[in-house]
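For the sequence shown, the UniProt record's numbering gives the first residue as 1, with consecutive numbering after it.
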Amino acid sequence: MAQQQPQQAIHKFVLGNKELEGKTAEFQYDKGWYSITDIVGEERNVIYKSRNAQEAYMKWNVYIGRKKERPLSGKNSDADHGSRADGNRANDSREHRSRDFREKRDMTDRRGNNRGRH
1 MAQQQPQQAI HKFVLGNKEL EGKTAEFQYD KGWYSITDIV GEERNVIYKS RNAQEAYMKW
61 NVYIGRKKER PLSGKNSDAD HGSRADGNRA NDSREHRSRD FREKRDMTDR RGNNRGRH
């Protein structure tokens, strides 16, 4: 009985490709890495590489023009969005609701409700 050689597993997957301005952009997964590659003729140039799938997919969508680039999540400074003196009231209502919730919660504590603590 002949010994069979184990087959090599395929680790590389092309997740998307798109023709852009005389070149081809390719989005791929290979052994835990996501990459965006420009292909011009026989030349391949990796322009982005990450292990983070969500971040890589967002970069791919921006690169091919499907989506606009969004700023990183997190707190933005007043310089980006104006200050309250300029009429930015969006945060005021959120803070007001939050304060109302805390006051209501504190009232239930005074009535002897232990808020789920046993």
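Note that CB positions come from ideal geometry on N, CA and C, so glycine has one too.
Please find out if some non-hydrogen atom of the ligand MN comes closer than 8 Å to the beta-carbon of residue i.
i	result
K23	The ligand MN is not part of the structure shown, which contains no ligands of any sort.
In angstroms, rounded to a whole number, what distance separates the CA positions of residue i and residue j?
i	j	result
G16	A9	21 Å
P71	Q4	53 Å
H40	E21	Sequence check: residue 40 is Val here, not His. Straight-line Cα distance between these residues: approximately 10 Å.
E42	T24	11 Å
G32	V46	15 Å
A53	I36	12 Å
Please name the residue or residues paired with residue i in a DSSP beta bridge.
i	result
A25	K18 and D38
N61	Bridge partners of N61: none, in fact.
What do you get for residue i, buried or exposed, if any count of 16 or more other CB atoms within 10 angstroms of its CB means buried?
i	result
K59	buried
F13	exposed
residue 123	Residue 123 is absent from the structure shown; the chain starts at 1 and stops at 118.
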